[in-house]
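Per the UniProt record's numbering, residue 1 is the first one in the sequence shown, and the count goes up by one each step.
Here the structure comes first, spelled out in structure tokens, and everything after it is commentary.
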Amino acid sequence: MTVMMVDAVLPGWTPIEDLKDKHVVDIANFAITEYNKEAQAKLELDCVVKGDSLQVKTGALYRLVLAVKEEPDKKYVTGVYESLNNFKTLVYFDPDEVN
């Protein structure tokens, strides 16, 4: 995976209040689609459990905890970078060991 170096604009991560917002769900679905391609998996989004974002000079970083339909007791944590021109990059996608 690509590690990106970005300069933060705001002082820290901001919780996402509306986890059902279309843009948030689109980011989550993007993460799952990219993960499925890389891992040759067939996960499908159930819901976004938790999330926050960090505004940076070149776009935004999203950190989401996802529930998937195939594994109801398991959660995944993902990071997605979205540039100002809406280009998305999957930064990481891992089982959530905390939640």
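We put the CB at the ideal spot given by N, CA and C, even for glycine.
Because the structure is a prediction, the values reported are computed rather than measured.
Shortest alpha-carbon distance to residue i belongs to which of the options?
i          : options           : result
residue 31 : 57, 58, 63 and 52 : 63
residue 26 : 42, 12, 46 and 57 : 46
residue 65 : 48, 74, 80 and 59 : 48
residue 20 : 43, 72 and 52     : 52
residue 18 : 37, 50 and 88     : 50
From residue i to residue j, what does the alpha carbon distance come to, in whole angstroms?
i          : j          : result
residue 40 : residue 28 : 17 angstroms
residue 96 : residue 70 : 15 angstroms
residue 76 : residue 68 : 8 angstroms
Could you tell me whether any Cβ in chain C is nearer than 7 angstroms to the Cβ of residue i?
i          : result
residue 55 : Absent here is chain C; the protein component of the structure consists of one chain.
Exposed or buried, which one is residue i when buried takes at least 16 other CB atoms within 10 Å?
i          : result
residue 81 : buried
Original post:
Enumerated in chain order, which unbroken segments of the beta strand (DSSP E) with a length of 3 residues or greater are wholly contained in the UniProt domain "Cystatin" (8-96)?
Top reply: 45-56, 59-68, 71-83 and 88-95
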